[in-house]
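S.K.:
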Amino acid sequence: MILTSAQNGPVILLAHGDGGALTRELVDSLFRKYFSGEELKLLMDAAVLPGGRGRLALTTDSFVVSPLFFPGGDIGKLAVCGTVNDLAVSGAHPQYLAASFMIEEGLPLAVLEKVAASMAAACREAGVEIVAADTKVVERGHLDKLFITTTGVGWRPEQIDLGYHRLAPGDRVLINGTLGDHGMAVLAERHGLGLDGRIESDCAPLNRIIADLLVLAPAVKIMRDLTRGGLATAVKEIALAAGVDIWLEEDALPVTPAVQGAVQLLGLDPLYLANEGKFLAVVDPREAEAALAVLRSNPLGRQAAIAGEVKPGKGNAYLRTPLGGTKILDLLAGAPLPRIC
Amino acid sequence: MPDKAVRYRLKVSGTVQGVGFRPFVFNLARAYRLGGKVYNDGEGVIIEVEGEAEAVAAFVRELAAGPPPLARIDRVEKQILPPAGDRDFTIRQSRGRADGKVLAPPDVATCPDCRRELADPADRHYRYPFTNCTNCGPRFTIIRALPYDRRRTTMSVFAMCPDCAREYHDPADRRFHAQPVACPACGPQVELTDREGRPVARAAGKDWPEAAGMLLKEGYILAVKGLGGFHLACDAANREAVVELRRRKRRPAKPFALMCRDLATVERHCYVAVEEAELLRSPAAPIVLLQKKADSPLPPELAPGADSLGVMLPYTPLHLLLLQAGPPVLVMTSGNKSDLPLVTDNRQALAELGEIADHFLLHNREILNRCDDSVTAVVDGETLFFRRSRGYVPQPLAVPADPGAPAVLGIGGEMKNTFCLLGEGKAYLSQHIGEVDLLEGQENLEQSIENFCRLVGIKPQVVAADLHPGYQSARLAGKLAVRLGIRRHPGVQHHHAHLASCMAENGLNEEVIGIILDGTGYGLDGRLWGFEVMRGDYREFHREFHLAYVPLPGGERAVRNPWLTAAAYLVTFLGEKGKEAARRFFGDRGRELALAEKMLAGGLNAPPASSCGRFFDAVAALLRLCLENTYEGQAAATLGSLVPWFPSAPVEPVSACAFPVGTPVFSSSVSPPTGSAPVFSVDLQPYPFDFQGVVIDPAPVFTQVLADLEAGVAAPVIAKRFHDTVIAMVVEAARRIREKTGLSRVVLSGGTWQNRYLTGAAKYVLQNHGFTVYRHHQVPPGDGGLSLGQAMVAVAGKQIPG
């Protein structure tokens, strides 16, 4: 028995999460349409997977985003790309995902279906499979529409050696494109800002461009995806962990005109905005140009840039501005409060 | 006579080294035919004097009564010694090491004697740009360490010629032990170069003042190395040069400082009260903000939208020569790129100022301690500091702190930074450091702290900073605490520091009412404060009343764009009517306004602020005086330029008046002035406002400002009523605190008190209501004085109120 709301068509009921018939029906009629991995078809409690070559990489991440759909993506695509990218920047080839859905009672099935379809498309793009899944439904008001947790595994080839210990003064910091698109797109959609120029989330799986990079520029020393906290936070964390200073050049950082215009109006800093299809790679200076060429030859790296350089130091991150001053970059700490007196 | 002989040992502490104190003692002792000796040691000047008891007593009296102009005696300790039979009086070599009791003197403007020699073709110091003596010259800017001695200054690389050495060693000479003494034969030299540091070809055959003067007259921009750093100079009467300098320096509107050839030149362009003339000609020779004469031919681009000009007189021989040969009024703005520290080094100047200056006037006396010009005004007979730096630093302030308490470093704020070392009951406020949010500023701060600690001989045991989580100065405090192994104070609330700063310089120790008005500071609730009527002392404070919060769309963006703050006030406090008004006033901002409304509605990057500076911004924007701030406080300064110029000379107090809240018009009459005091009518006409509990509601103010604008009321009238409203608000708040607590002493602190009408009028209105009012007169009311308050609070112990 599927209740129908006037505007939304069929909606999620608490019973969809009770493990009974409705759960079965939801799985059969909705999820299996999109998640067709061989292992998932067995409907076992755990997926038992063939071995790979190298070391096992495992990651998990929960996704909550308001609104669920935004230009350039949605929560489903985010849930796949986020986990794929976490594996990819660790040097692993992502292979399997598990997805756990927490759904608010009353969510239109059409919404869930759209999300599932989007996840399937993202999996195809990334070349990964969802091999385990779970669904829970909670009472109306106990969560906001839909949360998704994805867990991913992949294999990291034995020869891949990534780590803070490898960083050395002179190393270059590369990024694969423009900053702040995802964060800005979500804010604009959430607040109905109606900004000039279309701003789309950069949400994308990075495993292929990273695989290319690791093959063609093996001197990559460490990688990070530039999600919450943005480039600035990632760079500061690396500097702290590696005990070096990292200097970014503001002039070298690509930002689309639409995002640039928006952050200026909103008083935000693109260096601290989230990205969902961007990563940084620290590369030996001798390989930097080659690595840049690899990135730029990939559709997800057309605007790749050498953003900065590693210098001897004690965990500081700096941004050299075009006017000649040097900003000190810290970890993102809540909303920025004016310091001007 | 021998049986009547006495011998004293006098230990004199204060500013007694490098100010001609020993020659003064020497000559005084000779005048009384006394024997003995005088020498500098780490603790001050030691005098042993022997002779007839009456003569010795007279010597001691005169010593204390008439020291040389630059000396300041803080204490004389007397010890009786057995007579040793000394007949002669001698000056001995300095002894011992500095331990902090000897004060390094501030830099001193060229004295009349040196000026005379500078113009005397027969004198060997004729036209020598570095001449000085014990009464004037560079001090703080060239001193590496104490005791103050030539070999511990940047003059150590210049070996004295026999003539200079003779004067230096002659106790009767004006240059006796004048450490930076120099002449054309042995001292530093000037060089006029192009942007690449090559000699200027066109200057061949001319002496440098002539050549530099010619270039300035032709409209070129020069970078001029001075005492504490570089200036960028151009002919102030040449509009094109001024506009070009603004363009190159990326400084569209902030007023330029001027240097005038002499006082007569100043008076051609500005009104100069006696007190202002004294200040201009004082040994510190600061910039003084003067009321501009309407008929001054100087171009308005020097200080767009301002009713004043910041003027100083030449304070080094180099400046004197330059102003004599060049235009009579020069723009002399600090030589730095925007937001970066003042440039002090020749090579750095060529690198950093090469895009701004056409030519460089360099010299080879190294500047060790960067020191910007001080900026002052005279209001109501009192000096009001905007910036306390050259000429004053490192002179300490006596403050009511326990002399036995551990020494403290107050690290200051984020902009207009100064830091403060507090030890042995004295507060050493640093020179202006400026903005420290950039790495360059922070390095400057760190380096300056190190130099300063050495110069005043204080090793801090505790370091205190602001509570703002984004302040780089606070981060540096943490770093210093670790590096020096000292205690990090948990933090001093911004406005508590302001309150403490004003209490300290006025010697107050008991709880007071603090009316703290400024731009923004981090509050204990994590929000931005800045319109605070509090009570407190050094240990704790209680926020009693504050202006209602308004969300600032875009945070710092709203601070830079007063129209956004105005829109936020209208939308927040006047509902639908306010929205309509915002659209009417700022409809030309189109989508930006729509966006701001969405940010306000959705709480998107719109931090709430209770700030007097933003309150001023909003009204300035509604009057369309200033929609965008290109420098800090521009909107508030522009609004302040519309209200009457509060007199520079002391004003007679006015009679008491009643004070009803919420009435549309309130006025107080002024008793007729007596004697020669200026006539100034403090006739308050505030807009209505409401108190809702502890919150001051500005809604009625905006309703009335809108109505006045609609009715075509002139901007100066609205501006004055707005100023009066702020005064009325804080006076009413103070009255309520007095009712509750009985407190009646009020301190005024925070950057808004740099507004001369506000600072002048508020004092009289408060006095009329029976309050005793204390203002800043030695330390800036703005963030330049913050560090003093931080240090005082840290010394006192407790910090955060319950």
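Residue numbers (the working numbering), protein chains in the order written: chain Z, 1 to 341; chain U, 342 to 1143.
The C-beta atom is built at its ideal place from N, Cα and C for all residues, glycine as well.
1. If we ignore side chains and look at the alpha-carbon of each, how far apart do U:Ser814 and U:Thr759 end up?
2. Can you list, in chain order, the residues of its chain whose CB lies under 7 angstroms from that of U:Ala544, leaving out five sequence neighbours each side?
3. Quick one, which of U:Leu945, U:Arg622, U:Leu563 has its alpha-carbon nearest U:Arg456's?
4. Going along the chain, which residues of the segment 226 to 253 of chain Z sit with their C-beta nearer than 9 angstroms to a C-beta in chain U?
5. Under the rule that 16 or more other beta-carbon atoms within 10 Å means buried, what is U:Lys1061, buried or exposed?
6. Is it true that the CB of U:Val1120 sits closer than 8 angstroms to the CB of U:Gly1126?
7. Kindly list the residues whose CB is nearer than 6 angstroms to the CB of U:Ala625, restricted to its own chain and excluding five residues on each side of it in sequence; keep chain order.
8. Since I believe Z:Asp171 is in contact with Z:Val294 (beta carbons under 8 angstroms), could you give me their beta-carbon distance rounded to a whole number of angstroms?
9. Quick check: the Cα distance between U:Asp699 and U:Phe481, rounded to an integer number of angstroms?
10. From the DSSP output, read off the bridge partner residues of U:Val390.
11. Compare the beta carbon distance of U:Pro424 and U:Glu391 with 8 angstroms and say whether it is the shorter of the two.
12. Is Z:Gly17 helix, strand or coil by DSSP?
13. My parser needs the beta strand (DSSP E) runs of 3 or more residues fully inside the segment 44 to 117 of chain Z; what are they?
14. To the nearest angstrom, how far is the alpha carbon of U:Gly754 from that of U:Gly954?
15. Which partner residues of U:Gln1033 appear in the DSSP bridge assignment?
16. If we define contact as Cβ-Cβ less than 8 angstroms, is Z:Pro338 a contact residue for chain U?
17. Quick check on Z:Gly324 - is its C-beta less than 8 angstroms from some C-beta in chain U?
18. I need the boundaries of the alpha helix (DSSP H) containing U:Tyr1105, first residue and last residue.
19. Figure out for me which residue from Z:Ser201, Z:Leu323, Z:Ala252, Z:Tyr272 has the closest Cα to the Cα of Z:Leu78.
20. What three-state label does DSSP hand U:Gln632 in the structure shown?
21. Output the distance between the C-alpha atoms of Z:Ala133 and Z:Ala122, rounded to the nearest integer angstrom.
22. Of all the options U:Ala564, U:Ile484, U:Ser951, which has the alpha carbon lying nearest to the alpha carbon of U:Asn710?
23. Quick check: is the beta carbon of U:Lys920 nearer than 8 angstroms to any beta carbon in chain Z?
24. Based on the DSSP secondary-structure assignment, which residues constitute the bridge partners of U:Thr759?
25. For U:Pro682, is the classification buried or exposed, using 16 other Cβ atoms within 10 angstroms of its Cβ as the cut-off for buried?
26. Hey, is U:Tyr349's beta-carbon within less than 8 angstroms of any beta-carbon in chain Z?
27. Consult DSSP for Z:Asp134 and reduce its assignment to one of helix, strand or coil.
28. I'd like to know whether the C-beta of Z:Lys278 is nearer than 8 angstroms to at least one C-beta of chain U.
29. Using only alpha-carbon positions, find the residue among U:Ala666, U:Gly676, U:Phe1043, U:Lys757 that is nearest to U:Leu586.
30. What is the DSSP secondary structure of U:Cys527, reduced to helix, strand or coil?
31. Note down, in chain order, each residue of its chain lying with its Cβ closer than 6 angstroms to the Cβ of U:Pro1001, except the 5 sequence neighbours on either side.
32. Can you say whether U:Arg602 is buried or exposed, counting buried as having 16 or more other CB atoms within 10 angstroms of its CB?
33. Can you give me the start and stop residues for the beta strand (DSSP E) that U:His572 sits inside?
34. Given this structure, state the Cα-to-Cα distance separating U:Val804 from U:Tyr769, to the nearest angstrom.
35. Counting only C-beta atoms, is U:Pro529 closer than 8 angstroms to chain Z at any point?
36. Indicate the three-state DSSP secondary structure (helix, strand or coil) for U:Ser354 in the structure shown.
M.R.: Looking at the atomic coordinates:
1. As a working mapping, residue 814 of chain U is identified with position 473 in the second sequence. As a working mapping, residue 759 of chain U is identified with position 418 in the second sequence. For U:Ser814 and U:Thr759, the distance between alpha carbons rounds to 10 angstroms.
2. Reading the second sequence from its first residue, position 203 is the one you call residue 544 of chain U. Answer for U:Ala544: Leu533, Ala552, listed in chain order.
3. Walking along the second sequence from the start, residue 456 of chain U turns up at place 115. Nearest option by C-alpha distance: U:Arg622.
4. none
5. By one-based count along the second sequence, residue 1061 of chain U stands at place 720. It counts as buried.
6. On the second sequence, position 785 is the one that residue 1126 of chain U refers to. On the second sequence, position 779 is the one that residue 1120 of chain U refers to. Yes. Within cutoff.
7. Indexing the second sequence from 1 puts residue 625 of chain U at position 284. Gly732, Tyr733.
8. Residue 294 of chain Z sits at position 294 when you count from the first residue of the first sequence. Residue 171 of chain Z sits at position 171 when you count from the first residue of the first sequence. The Cβ separation is near 17 angstroms, so there is no contact.
9. The residue labelled residue 699 of chain U in the question sits at position 358 within the second sequence. The residue labelled residue 481 of chain U in the question sits at position 140 within the second sequence. Those two C-alpha atoms are separated by around 30 angstroms.
10. Residue mapping note: residue 390 of chain U aligns to position 49 of the second sequence, counting from 1. U:Tyr349, U:Gly377.
11. Against the second sequence, residue 424 of chain U aligns to sequence position 83. Against the second sequence, residue 391 of chain U aligns to sequence position 50. In this structure, U:Glu391 lies closer than 8 angstroms to U:Pro424 by Cβ.
12. Taking the first residue of the first sequence as 1, we reach residue 17 of chain Z at position 17. Of the three classes helix, strand and coil, the one that applies to Z:Gly17 here is helix, per DSSP.
13. 55 to 63, 93 to 104
14. Translated into positions along the second sequence, residue 754 of chain U becomes position 413. Translated into positions along the second sequence, residue 954 of chain U becomes position 613. Their backbone Cα atoms lie some 17 angstroms apart in a straight line.
15. Counting from 1 along the second sequence, the entry for residue 1033 of chain U is found at position 692. Answer is U:Val1036, bridged to U:Gln1033.
16. Taking the first residue of the first sequence as 1, we reach residue 338 of chain Z at position 338. It does; some Cβ of chain U falls within 8 angstroms.
17. Translated into the one-based positions of the first sequence, residue 324 of chain Z becomes position 324. Yes - at least one Cβ of chain U is within 8 angstroms of the one on Z:Gly324.
18. Here residue 1105 of chain U refers to the residue found at position 764 when the second sequence is read from its first residue. It spans 1097 to 1109 - the alpha helix (DSSP H) in which U:Tyr1105 sits, taken as one unbroken run.
19. Sequence index remark: in the first sequence, residue 78 of chain Z carries index 78 (1-based). Nearest C-alpha to Z:Leu78: Z:Ser201.
20. Position 291 of the second sequence holds residue 632 of chain U. The answer is strand: DSSP assigns U:Gln632 an E or B state.
21. The count along the first sequence starts at 1 and reaches residue 133 of chain Z at position 133. The count along the first sequence starts at 1 and reaches residue 122 of chain Z at position 122. Cα to Cα, the separation comes out at about 16 angstroms.
22. Locating residue 710 of chain U in the second sequence gives position 369, where the first residue counts as 1. Among U:Ala564, U:Ile484, U:Ser951, the Cα nearest to that of U:Asn710 belongs to U:Ile484.
23. For this step, residue 920 of chain U is matched to residue 579 along the second sequence. Chain Z contact via Cβ: absent.
24. Position 418 of the second sequence, counted from the first residue, corresponds to residue 759 of chain U. For U:Thr759, which the question treats as bridged, DSSP gives no partner whatsoever.
25. Counting from one through the second sequence, the residue named residue 682 of chain U turns up at place 341. U:Pro682 comes out buried.
26. In the second sequence, residue 349 of chain U corresponds to position 8, counting from 1. Taking Cβ atoms only, chain Z never reaches closer than 8 angstroms to U:Tyr349, which makes this a no.
27. Numbered from 1 along the first sequence, position 134 holds the residue referred to as residue 134 of chain Z. Strand at Z:Asp134.
28. Taking the first residue of the first sequence as 1, we reach residue 278 of chain Z at position 278. Chain U, which has no Cβ nearer than 8 angstroms to the Cβ of Z:Lys278, makes this no.
29. Residue 586 of chain U sits at position 245 when you count from the first residue of the second sequence. Of the candidates U:Ala666, U:Gly676, U:Phe1043, U:Lys757, the one whose C-alpha sits nearest the C-alpha of U:Leu586 is U:Gly676.
30. For the purposes of this step, residue 527 of chain U is taken as the residue at position 186 of the second sequence. Coil, per DSSP.
31. Counting from 1 along the second sequence, the entry for residue 1001 of chain U is found at position 660. Bear in mind that the predicted position of U:Pro1001 carries a pLDDT of just 38, short of 50, making it unreliable; the figure below should be weighed with that in mind. No residues qualify anywhere along the chain.
32. On the second sequence, residue 602 of chain U is found 261 positions in, with the first residue counted as 1. Under this definition U:Arg602 is a buried residue.
33. For the purposes of this step, residue 572 of chain U is taken as residue 231 along the second sequence, with counting starting at 1. Note, U:His572: beta strand (DSSP E), 571 to 576.
34. As a first step, residue 804 of chain U is located in the second sequence; it is residue number 463 there, counting from the start. As a first step, residue 769 of chain U is located in the second sequence; it is residue number 428 there, counting from the start. Straight-line Cα distance between these residues: approximately 14 angstroms.
35. By one-based count along the second sequence, residue 529 of chain U stands at place 188. No, U:Pro529 does not count as interfacial toward chain Z.
36. Along the second sequence, one-based indexing puts residue 354 of chain U at 13. In this structure, U:Ser354 counts as strand in the three-state DSSP scheme.
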